[in-house]
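The sequence shown maps to residues 1317 to 2092 in our numbering. The beta carbon of each residue, even a glycine, is placed where N, CA and C say it ideally should be.
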Amino acid sequence: MEIAFLFALLAGMVYLFLTEKIPVDLTAFLGLVVLIFGGYLEAGDAFTGFASPAVITMLSVFIISAALLKTGIADFMGGRIHALVGSREVPLIVTLMIAAGVLSAFMNNIAATAVLMPAVAAVAQKANLPPSRLFMPLAFGAILGGTTTLVGTPPNILAGELLREREMEPFQLFDFTPVGLVLLGVGTLFMATIGRRMLPSHAPHAGRGGGIDDLRRLYQLDNRLFSLRIPQSSHLDGTTLEESRLGLTLGIKVLSIVRGHHRELAPPATTRLKGGDLLLVQGSRDDVEELLRVQGVEVERAEAADLPPVSGGFGGIRARLEEGSELVGRSLRDLDFRERFGLVVVGVRRGGEIRRENLAGEVLQAGDVIFALGSREHLETLRRLPDFDVRETGFSAVQQLQDKLFAIRVPAASQLAGQRLEDTGLSELAGVTIGGIIRGGETLPAPGAEDRILAGDQLLVAGEPLRIVDLLEMGRLELEAPEPGTEIESEAVGVVEAALAPRSSAVGKTLRELDFRRKQGLLALVLWRGGQLNYSDLADIPLHLGDALLLQGPRERIAKLAADPDFVVLTQQPVPRRSSKAPFALGGLLLMVALVVAGIQPIHVAAFTAASLVVLSGALTMEEAYRAIEWRAIFLVAAVLPVGIAMERTGAALLMADSVTSVAGSLGPYAVLASLVVLASVLSQGLDGAPAVVLLTPVVLQAAETLGLSPYPLMMGISLAASAAFMTPFSHKANLLVMGAGGYHSKDYLRVGSPLTIVLLALMVLMIPIFFPFHP
């Protein structure tokens, strides 16, 4: 029973690790709490993971990695690649993978990937290669390079320290090197031959023009560029860009302003507009044309009680959506609510908030209260449905929306006259809902999409018609086609691609929450995510690791962003480095190696000493050191380590080991090693590699004892296999980091990474016993 509960707990933790319904480190914390209160762990053992030498080693390596980056040592290595190799694809792949591998042997492999990304982007451009041909080999090289030393990757560090905790001789700094170098070499050979043929060729960098032309093609920018001219009589004359609300009203971004013979690129929000200005903007020309048709109408507040009569009656309804309704989880647009029920929803109350704008895309939830307008016949039909609990009918039901009910009068000269309702774009573009048409002294309730607007009609709308009012005040803006090849960058203003850095504090936040435009001084033009280009509402999209942003702004601001630890600018920019401190950073690394090789101190003491000295020397500040540490990984490992203790004490490890030995034991030690290696690799494709090692270590040691085998080849097998995470972008953060820059899809990793994983796992099984025999 005890073991069954532990397995159930582990299964639940693995599920939460894979789905990330709650953060992975919080999952580990909660699992630890359950183990304590369930009696699986003594209070004195529960938090030993936080004092573990493995955690100290990981923490120290993060700091040393940051010092190598901040002092320019890693940059120097990346900058030499194109000069040495040239533009040929195969030598570039080989050199990049080896360079990333060498860096990640002593740096955190995610940091090694991040520091080489700008160099790889520049190399791809110079070599006229698609970036997707180089970024995946870069990530794979960094992952493989981490297998070459004890400190190259957390699974290796943990494997050594878990042996030490059980009073066994731990792995030494270079014990992994022979096998790791072979894995790096074979992985590089695979990617330069077979893997290269399977790499995608997304977003080719071929053709004339260089970087900006490539970015314009990649992000399909020219398809969304057009010009707007401000008339002399416009209310916009003399207002700032921020005050004009042009961006919010028309859904556009202003890239430049032409006034006479002067062009101002990336104008700040404080720039004042003048009549006659020509604005180069990015957005949907069709949407803007639809919105401009609204100009010429008249907007006035409508009183529901004063509306003209309607045959059959006209009124409102307030109804609560019941639990279990088939409508829950679907949007009003998906339900085709207007056609299905003959009613127009003019508001949705959820909690204490009433939503009135952009209702078509609103996904209904149980407990939502909807406010709708329509004929009494349709209102009565809705009342009888089991999906709704009708609270009130009649105009009093929509009394809460009274201040948001307006009538839009359509004069004969308006471009809306004669149009079908679905062609006006009012609902989607202006955010209002058309609940009825007042025509000839009568109210037509819930008009259909095919109904046409006639001159003199009044459109009864619910919602805040702020965009319409703003449009009316702007005057008649004139749309023009931009001149071919219109420049959007100059010596002072640049357009660059940027990705979120590993451990970025921006992950999960929106650009609005980050106050990105004001703090960074850059305008976000496009967001790339999962092969899709997003142009609209960028300020309100939560950012994910793997996203790529196309940005425009002053070059000095771009340089500052390149130095920001939250972002990686993929277009090479001069980033200030403490080159005078480079000898101290390199010296700290060499000191760590010397202390371990000479046997003077164990790895965690040597790494901590080196980390302390690089900070003391000024190669890194304490603030930078704190930011460099991936605290999520530290807490995850510290909280998961005691799970191994619980597995041993309950006999769960023995049960799993018996299963492995009963299935593979009779086939010999190679079969046992192969089964453990495959199990570790499968776990690492979804889990982080570190938890996979923690969970399998007690199984490995028990299996080794049962079969009379040395635990060292089995431990090395699971640690190396836990790092063989190539099959999905989520299996390793290095993969996720390059996803946006390379324009990759998940299937690209599966296609290239699956055969590579198989080859490397087979190689591990064959190679490891040569250096660490089964029977010493």
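Short of 6 angstroms in beta carbon distance, which residues of its chain neighbour residue i, apart from the five on each side in sequence? Order them along the chain.
i, result
"Pro2085", "Pro2029"
"Gly1847", "His2061"
"Val1604", "Leu1566"
"Ser1641", "Asp1703"
"Tyr1356", "Ala1962"
"Ser2047", "Gln2001 and Ala2041"
"Gly1523", "Confidence at Gly1523 is low in this model, with a pLDDT of 33, below 50, so its placement is unreliable and the value that follows should be read with caution. Answer for Gly1523: no residue qualifies."
Excluding the 5 residues flanking residue i on each side, which residues of the same chain have their C-beta closer than 8 angstroms to its C-beta?
i, result
"Ala1554", "It is Gly, not Ala, that sits at residue 1554 in the sequence shown. Excluding sequence neighbours, Gly1554 sits near Arg1588, Leu1589 and Lys1590."
"Leu1760", "Val1626, Gly1752, Ile1753, Ile1754 and Asp1767"
"Glu1794", "Leu1544, Arg1545 and Pro1547"
"Pro2045", "Gly1862, Asn2051, Leu2052, Met2055, Tyr2060, Ser2062 and Tyr2065"
"Val1994", "Ala2037 and Leu2077"
"Gly1526", "With a pLDDT of 41 at Gly1526, under the threshold of 50, the modelled position of that residue is not reliable, and the figure given next carries that caveat. Closer than 8 angstroms at the Cβ level, and outside the excluded window around Gly1526, lie Gln1441."
Quick one: residues in its chain with C-beta nearer than 7 angstroms to the C-beta of residue i, no 5 flanking neighbours on either side, listed in chain order?
i, result
"Pro1870", "Ala1582, Ala1808, Val1809 and Gly1837"
"Val1885", "Pro1434, Val1812, Ala1814, Ile1874, Leu1877 and Ala1878"
"Gly1683", "Arg1636 and Leu1637"
"Gly1599", "Arg1540, Leu1566, Gly1567, Ile1568 and Lys1569"
What three-state label does DSSP hand residue i in the structure shown?
i, result
"Ile1633", "strand"
"Val1885", "strand"
"His1260", "Not covered by the structure: residue 1260. The range shown for the chain is 1317 to 2092."
"Leu1877", "helix"
"Gly2024", "coil"
"Asp1652", "coil"
"Thr1429", "helix"
"Ile1389", "helix"
"Ser1381", "helix"
"Asn1444", "coil"
"Thr1364", "helix"
"Lys1835", "helix"
"Ser2039", "helix"
"Gln1488", "coil"
"Thr1587", "coil"
"Ile2086", "helix"
"Ile1961", "helix"
"Pro1870", "strand"
Out of the options, which one is the CA nearest neighbour of residue i?
i, options, result
"Ile1750", "Gly1757, Gly1734 and Ile1769", "Ile1769"
"Leu1902", "Ala1878, Leu1419 and Glu1318", "Leu1419"
"Arg1873", "Phe1704, Glu1606, Pro1584 and Ser1543", "Pro1584"
"Val1988", "Pro2027, Met1963, Leu1827 and Pro1958", "Pro2027"
"Leu1867", "Pro1547, Lys1569 and Thr1429", "Lys1569"
"Pro1881", "Ala1817, Val1574 and Asp1831", "Ala1817"
"Glu1558", "Leu1983, Leu2012 and Arg1834", "Arg1834"
"Leu1849", "Leu2012, Leu1651, Arg1532 and Gly1354", "Arg1532"
"Pro1453", "Val1406, Ser1560, Met1423 and Ile1473", "Val1406"
"Ala1797", "Leu1497, Ser1821, Leu1596 and Phe1422", "Leu1596"
"Ala1980", "Ala2019, Ala1949, Arg1894 and Val1998", "Ala2019"
"Leu1732", "Gln1774, Arg1700, Leu1701 and Phe1722", "Gln1774"
"Ile2034", "Thr1469, Glu1758, Leu1737 and Asp1530", "Thr1469"
"Arg1736", "Lys1442, Ala1765, His1578 and Leu1776", "Ala1765"
"Glu1318", "Thr1465, Gly1967, Gln1536 and Gly1503", "Gly1967"
"Leu2082", "Pro1494, Leu1680 and Asn1444", "Pro1494"
"Arg1646", "Val1615, Val1660, Arg1671 and Gln1681", "Gln1681"
"Gly2069", "Phe2090, Ile1510, Leu1385 and Val1377", "Ile1510"
"Gly2024", "Phe1422, Ser1997 and Phe2090", "Phe2090"
"His1577", "Gly1563, Leu1564 and Gly1592", "Gly1592"
Rounded to the nearest angstrom, how far is the Cβ of residue i from that of residue j, given a contact under 8 angstroms?
i, j, result
"Ala1320", "Ala2057", "Not a contact, Cβ separation roughly 46 angstroms."
"Ala2037", "Ser2000", "7 angstroms"
"Gly1347", "Leu1325", "6 angstroms"
"Gly1501", "Ala1898", "That belief does not hold up - the Cβ atoms of Gly1501 and Ala1898 are roughly 29 angstroms apart, past 8 angstroms."
"Val1931", "Ile1379", "7 angstroms"
"Pro1339", "Gly2005", "With 8 angstroms as the limit, Pro1339 and Gly2005 do not qualify as a contact, their Cβ atoms being about 18 angstroms apart."
"Leu1315", "Ala1926", "Because residue 1315 is not part of the residues shown, which for the chain are 1317 to 2092, the question remains open."
"Gly1365", "Pro1985", "No, Gly1365 and Pro1985 are not in contact; Cβ-Cβ is about 31 angstroms, not under 8 angstroms."
"Leu1859", "Gly1824", "7 angstroms"
"Ser2093", "Phe1883", "Nothing about residue 2093 can be read from this structure; the chain reaches only from 1317 to 2092."
> Does the segment 1510-1518 come close enough to the segment 1937-1946 that 3 or more CB-CB pairs lie under 8 angstroms?
Replying inline: no
>> For the structure I just gave you, are there three or more beta carbon pairs, one from the segment 1451-1458 and one from the segment 1476-1493, closer than 8 angstroms?
In response: no
> Is the segment 1370-1390 touching the segment 1402-1413, taking contact as three or more C-beta pairs under 8 angstroms?
Replying inline: no
>> Does the structure place the segment 1939-1954 close enough to the segment 1911-1925 that three or more beta carbon pairs sit under 8 angstroms?
In response: no
> Counting pairs of beta carbons, one from the segment 1683-1700 and one from the segment 1633-1644, are three or more of them closer than 8 angstroms?
Replying inline: yes
>> Counting beta carbon pairs with one atom in the segment 1642-1653 and one in the segment 1675-1684, are three or more of them shorter than 8 angstroms?
In response: yes
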